[in-house]
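Protein sequences appear in the order of chains A and B. Counting from 74, one number per residue, gives the positions in the first sequence under the numbering used here. Counting from 5, one number per residue, gives the positions in the second sequence under the numbering used here.
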Amino acid sequence: MKFSPLSLLAVLLALVFTLAASLALTAGSWSQRAKSDNLFGMVFGDGRKLFANHFFTMADVYFHSGYYPSVFDQKSGEEKEIISASHGKKETEEDEKNEDFLGQPKDWIDAFGRNFRITQHTHLENHNEREILPWLRLAADLDPNKIETYTVGAFFLREHLNRPAQAEAFLREGLRNNPDSAEILFELGRVYHESNHDLDRARNAWLLGVKKFLQLQPDEQKDGRQLLDKLAVNLACLEDEAGNYADAINWFRAAQKVSPAPAALQKQIDAVQKKLDAQTPVTPRKPD
Amino acid sequence: MNKIFALAGVVIKELYRRKDFYVLFVLTALLTLAAGAVNFFHDDKIVRYVKDICLLLIWVSALVISVVTTARQIPAEREARTIFPLLAKPVSRWHVIVGKFLGCWLATGVALVVFYFFFAAVTGSKEQIWPWGAYLEAVWMHWVMLAVVIAMVLLGSIYFAAPSSTSTITLIVVGGILLLGTHLNTIALQQAQPMQSILATVYFLMPHLEWYDLRDFVVYDMGLVPVRAVALATLYGAVWTAIFLLLAWFGFRRKSLNT
Chain A
74 MKFSPLSLLA VLLALVFTLA ASLALTAGSW SQRAKSDNLF GMVFGDGRKL
124 FANHFFTMAD VYFHSGYYPS VFDQKSGEEK EIISASHGKK ETEEDEKNED
174 FLGQPKDWID AFGRNFRITQ HTHLENHNER EILPWLRLAA DLDPNKIETY
224 TVGAFFLREH LNRPAQAEAF LREGLRNNPD SAEILFELGR VYHESNHDLD
274 RARNAWLLGV KKFLQLQPDE QKDGRQLLDK LAVNLACLED EAGNYADAIN
324 WFRAAQKVSP APAALQKQID AVQKKLDAQT PVTPRKPD
Chain B
5 MNKIFALAGV VIKELYRRKD FYVLFVLTAL LTLAAGAVNF FHDDKIVRYV
55 KDICLLLIWV SALVISVVTT ARQIPAEREA RTIFPLLAKP VSRWHVIVGK
105 FLGCWLATGV ALVVFYFFFA AVTGSKEQIW PWGAYLEAVW MHWVMLAVVI
155 AMVLLGSIYF AAPSSTSTIT LIVVGGILLL GTHLNTIALQ QAQPMQSILA
205 TVYFLMPHLE WYDLRDFVVY DMGLVPVRAV ALATLYGAVW TAIFLLLAWF
255 GFRRKSLNT
């Protein structure tokens with residue numbers, strides 16, 4: 074039996090075409106990679122989340138101007154300071170001491186080597202905070218489901234760089250990728266309230282945040298009580314500012330149930346209650 | 005001394021005739037310019053990530069150039085049998101070792117100047133400041149570190165069979181020192197015996213190349229390293245270079261040159 078090379082080539086091409094046509098439909102489901110809507114997703118697949126974490130850490134390294142513990146240092150596993158800063162935590166002298174991860178030099182090599190390492194604990198300031206943004210942008214592109222990237226980025230854009238419009242746009246992007254995130258809604262509410270002074274939109278964002286929070290599983294709710302506390306307290310303050318004192322008291326009471334400091338909230342309730350009492354007209358009693 | 009300079013001149017000519025440097029420079033330039041062209045949050049004043057990326061590429065490129073150039077010097081002379089006419093002249097084996105070292109070191113120095121000039125031009129055009137003192141310190145320390153690396157590669161090229169194995173082993177060793185050098189003692193303390201003693205010994209005996217990496221000072225605008233520390237580190241680097249060159253000479257003196 075003899076085959077000409079051309080006819081063999083034609084048969085092989087026909088076979089390849091037939092296989093491609095029959096496999097095309099099923100091949101799409103073999104991997105999620107091709108369905109990804111961004112380049113990183115297509116190139117790295119799920120491995121991109123590892124890079125996202127690294128880039129998020131890089132943002133924290135930049136925030137500390139290079140003074141940062143490595144994986145070998147004891148403090149490496151602690152919460153990133155850009156996250157605690159975005160949660161409104163102010164650094165105390167005690168915190169400052171705790172962050173001296175270098176300690177005393179262990180030997181002369183370590184002591185001399187410190188001449189060539191950054192040994193001063195500083196934070197970016199005076200609008201130099203912008204330097205962390207590229208890493209946050211990359212982290213968001215690599216892992217669109219990492220909520221902290223959006224909340225931290227928006228916090229620095231709004232609070233330190235005075236760019237609320239870009240903070241809102243970044244949070245909106247985060248919300249498109251994570252429509253059920255109460256954290257993003259909370260931060261969005263802060264943009265509306267603190268930067269835009271738009272009480273209605275802030276209220277809507279926070280109310281939706283509370284709603285999304287209450288839809289979480291009981292375990293997740295237990296872990297996120299701090300967020301509910303912040304949402305409720307912010308809503309209470311907003312209602313107080315809007316003159317809706319009764320609603321403000323209700324929100325403070327809701328916050329008391331999850332707050333670690335309910336006594337402090339009671340003082341605020343008392344203060345708002347006074348305003349409410351002053352507002353409510355007292356009906357004169359009829360003389361007997 | 006003239007013999008050493010003559011040998012070094014040949015090595016420098018070889019470097020600019022080969023394409024390694026040009027390829028790595030173009031790659032570094034393209035990646036840096038591409039990174040610098042990206043606009044994050046409509047802010048054109050963001051510059052540190054460009055510095056970081058560019059310096060990383062410069063470090064990788066300089067390391068590759070120095071290791072690859074040095075690793076093939078003596079094996080190539082032996083393979084082409086040009087080592088025999090070379091040694092037939094009034095040139096000793098010590099001259100060959102030092103001449104090759106000096107040539108490779110000066111050649112990588114020229115490459116470093118070009119790389120750092122490009123770095124200064126790109127980052128300076130973005131942030132409009134040129135901290136020349138910090139740049140000079142960074143280049144000098146980088147160059148001193150490369151002297152140790154080049155001497156280490158020369159030593160490896162005497163003992164290992166092929167330039168490829170010399171390059172690979174040296175790159176792994178240098179990479180390991182740069183990544184773990186500072187932390188090796190910390191790691192040692194977390195280990196059980198005898199690993200603790202072994203790691204501690206390695207820590208005290210290895211050349212601490214990580215000292216010469218001043219990228220963080222440049223990227224985060226942290227000013228200058230004390231000149232005394234730079235001078236001591238230079239002396240430390242010179243001592244290690246001398247040790248490696250002497251060991252290379254001892255090996256080369258006894259080595260049969262027939263392939």
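Yeah, the Cβ is synthetic: ideal placement off N, Cα and C, and Gly gets one too. Remember, it's a predicted structure, so these values are computed and weren't measured experimentally.
Within chain A, partners of residue i - CB distance below 9 Å
i	result
residue 208/B	180 and 182
residue 229/B	188 and 189
Nearest-angstrom Cα separation, counted from residue j out to residue i
i	j	result
residue 230/B	residue 147/B	18 Å
residue 293/A	residue 229/A	27 Å
residue 246/A	residue 217/A	9 Å
residue 176/B	residue 249/B	20 Å
residue 98/B	residue 206/B	29 Å
residue 137/B	residue 121/B	13 Å
residue 157/B	residue 173/A	38 Å
residue 75/A	residue 83/A	15 Å
residue 287/A	residue 318/A	24 Å
residue 31/B	residue 57/B	12 Å
residue 253/A	residue 183/A	48 Å
residue 95/A	residue 77/A	27 Å
residue 200/A	residue 181/B	36 Å
residue 179/B	residue 312/A	59 Å
residue 53/B	residue 307/A	36 Å
residue 177/A	residue 224/A	36 Å
residue 23/B	residue 112/B	14 Å
Residue environment, residue i, which counts as buried when at least 16 other CB atoms sit within 10 Å
i	result
residue 224/B	buried
residue 134/B	exposed
residue 337/A	exposed
residue 197/B	exposed
residue 216/B	buried
residue 202/B	exposed
residue 242/B	exposed
residue 41/B	exposed
residue 314/A	exposed
residue 329/A	buried
residue 199/B	exposed
residue 189/B	buried
residue 232/B	exposed
residue 266/A	buried
C-beta neighbour in chain A for residue i, strict 8 Å
i	result
residue 189/B	yes
residue 224/B	yes
residue 14/B	no
residue 215/B	yes
residue 220/B	yes
residue 120/B	no
residue 26/B	no
residue 53/B	yes
residue 99/B	no
Minimum Cβ-Cβ distance from residue i to chain B less than 8 Å
i	result
residue 249/A	no
residue 210/A	yes
residue 188/A	yes
residue 139/A	yes
residue 129/A	no
residue 230/A	yes
Residue from the options whose Cα sits closest to the Cα of residue i
i	options	result
residue 234/B	56/B, 149/B and 114/B	149/B
residue 211/B	117/B, 185/B, 17/B and 5/B	185/B
residue 38/B	209/B, 183/B and 126/B	126/B
residue 257/B	238/B, 78/B and 220/B	78/B
residue 195/A	177/A, 135/A and 119/A	135/A
residue 206/A	259/A, 239/A and 89/A	239/A
residue 323/A	309/A, 316/A and 125/A	309/A
residue 171/B	27/B, 45/B and 76/B	76/B
Neighbour list for residue i in chain B, Cβ cutoff strictly below 8 Å
i	result
residue 239/A	45 and 46
residue 280/A	Those within 8 Å of residue 280/A in chain B number zero; the least Cβ separation is about 29 Å.
residue 223/A	Within chain B, no residue comes near residue 223/A; the closest Cβ sits about 13 Å away, beyond 8 Å.
Interface partners of residue i on chain A, CB under 8 Å
i	result
residue 167/B	None at all; the shortest Cβ gap to chain A is about 31 Å.
residue 233/B	185, 188 and 189
residue 50/B	203, 204, 206 and 207
Beta-carbon neighbours of residue i, restricted to chain B and to distances below 7 Å
i	result
residue 143/A	187
residue 217/A	Here the premise fails: no neighbours, minimum Cβ distance about 16 Å.
residue 135/A	52
Closer than 7 Å at the beta carbon, the chain A residues around residue i
i	result
residue 146/B	Result: empty, since nearest Cβ-Cβ is about 12 Å, beyond 7 Å.
Residue i: CB within 7 Å of a non-hydrogen atom of the ligand HEM
i	result
residue 340/A	Questions concerning the ligand HEM fall outside what the structure shown contains, since it holds no ligand whatsoever.
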